[in-house]
Amino acid sequence: EAAVTQSPRNKVAVTGGKVTLSCNQTNNHNNMYWYRQDTGHGLRLIHYSYGAGSTEKGDIPDGYKASRPSQENFSLILELATPSQTSVYFCASGDSGQGNQDTQYFGPGTRLLVL
Amino acid sequence: GDSVTQTEGLVTLTEGLPVMLNCTYQTIYSNPFLFWYVHYLNESPRLLLKSSTDNKRTEHQGFHATLHKSSSSFHLQKSSAQLSDSALYYCALSKGTNAYKVIFGKGTHLHVLP
Chain D
1 EAAVTQSPRN KVAVTGGKVT LSCNQTNNHN NMYWYRQDTG HGLRLIHYSY GAGSTEKGDI
61 PDGYKASRPS QENFSLILEL ATPSQTSVYF CASGDSGQGN QDTQYFGPGT RLLVL
Chain S
1 GDSVTQTEGL VTLTEGLPVM LNCTYQTIYS NPFLFWYVHY LNESPRLLLK SSTDNKRTEH
61 QGFHATLHKS SSSFHLQKSS AQLSDSALYY CALSKGTNAY KVIFGKGTHL HVLP
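From first to last, the protein sequence lines stand for chains D and S.
Residues in the first sequence are numbered from 1 upward in steps of one, following this note's numbering.
Residues in the second sequence are numbered from 1 upward in steps of one, following this note's numbering.
Spelled out as structure tokens, the structure:
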């Protein structure tokens with residue numbers, strides 16, 4: 001069964017509204033990541049975490065917050081959604097321990113449309 | 001800073017022809033890991049192959065790549081393209097053990113025609 005799951009899979013939000021994207025992993029990986037995928041930009045890192053209680057800014061963190069309440073769960077929060085945040089969002093987990101080199105295991109993605 | 005460059009945004013070729021997708025990188029780390037991920041439509045991106053060994057060919061599912069540190073390259077190749085190879089391919093870089101961050105290139109769409 002899928003080891004990284006995301007919810008919702010599709011979301012339509014209004015400008016200025018709050019959006020929370022959730023991710024759950026059963027890989028028991030320390031590291032979790034949120035990316036957005038846009039044509040011409042590929043996968044861009046928004047936030048990541050190397051354990052419960054930690055969050056770190058990625059390459060494009062502006063307008064996003066993250067929360068890692070447990071090993072399994074990592075949320076991405078858009079406090080005030082804007083149309084420029086319309087995208088496909090992927091969560092991933094990874095293990096940077098010896099021999100793993102942080103191979104990424106991706107969830108199925110969430111399509112977000114901000115009107 | 002670290003970066004990964006994939007020069008082609010789209011590669012279109014006919015089934016049966018060889019595939020080569022370019023990937024070059026810049027990093028300060030002496031022993032980086034390089035990855036190729038494949039993203040099929042309506043699926044999750046997944047690892048295709050990875051390497052950290054200089055000048056050693058790595059193969060998986062008919063694809064192969066060789067890390068060349070002298071030229072900072074990790075090109076993906078396949079001898080004969082199949083229709084089912086049509087997908088988005090990402091080259092990626094991590095600094096190696098205890099890496100907390102992976103850097104992705106912008107991706108190359110491979111479109112294989114019959």
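Yeah, the Cβ is synthetic: ideal placement off N, Cα and C, and Gly gets one too.
Bear in mind that the values here come from a model prediction, so they are computed numbers and not experimental data.
- Under the 7 Å criterion on CB atoms, Gln104/D is classed as interfacial with respect to chain S.
- Within the region 61-89 of chain S, the runs of beta strand (DSSP E) that reach at least 3 residues and sit entirely inside it are, in chain order, 63-66, 76-78.
- Note on the region 23-71 of chain D: whole beta strand (DSSP E) runs with a minimum of 3 residues are 31-38, 42-49, 65-67, in chain order.
- Take the alpha-carbon of Pro69/D and the one of Lys56/S: they are about 41 Å apart.
- Listed as beta-bridge partners of Asp2/S by DSSP are no residues whatsoever.
- As the crow flies, the alpha-carbon of Ser7/D is around 27 Å from that of Ser86/S.
- The beta-carbon of Pro45/S is placed less than 7 Å from the nearest beta-carbon of chain D.
- In this structure, the CA atom of Lys69/S is about 24 Å from the CA atom of Gly42/D.
- Membership of Ile77/D in the beta strand (DSSP E) is indicated by the continuous run 73-78.
- Against chain D, the beta carbon of Lys78/S has no neighbour under 7 Å; the closest one sits roughly 21 Å away.
- In this structure Gln82/S is in contact with Val112/S, their Cβ atoms being roughly 7 Å apart against a cut-off of 8 Å.
- With contacts defined by Cβ atoms closer than 7 Å, Gly16/S and Ser80/S form a contacting pair.
- At least one beta carbon of chain S lies nearer than 7 Å to the beta carbon of Gly42/D.
- Within chain S, Ser44 have C-beta atoms less than 8 Å from the C-beta of Gly109/D, given in sequence order.
- When the Cα atoms are used, Lys78/S and Leu48/S turn out to be separated by approximately 12 Å.
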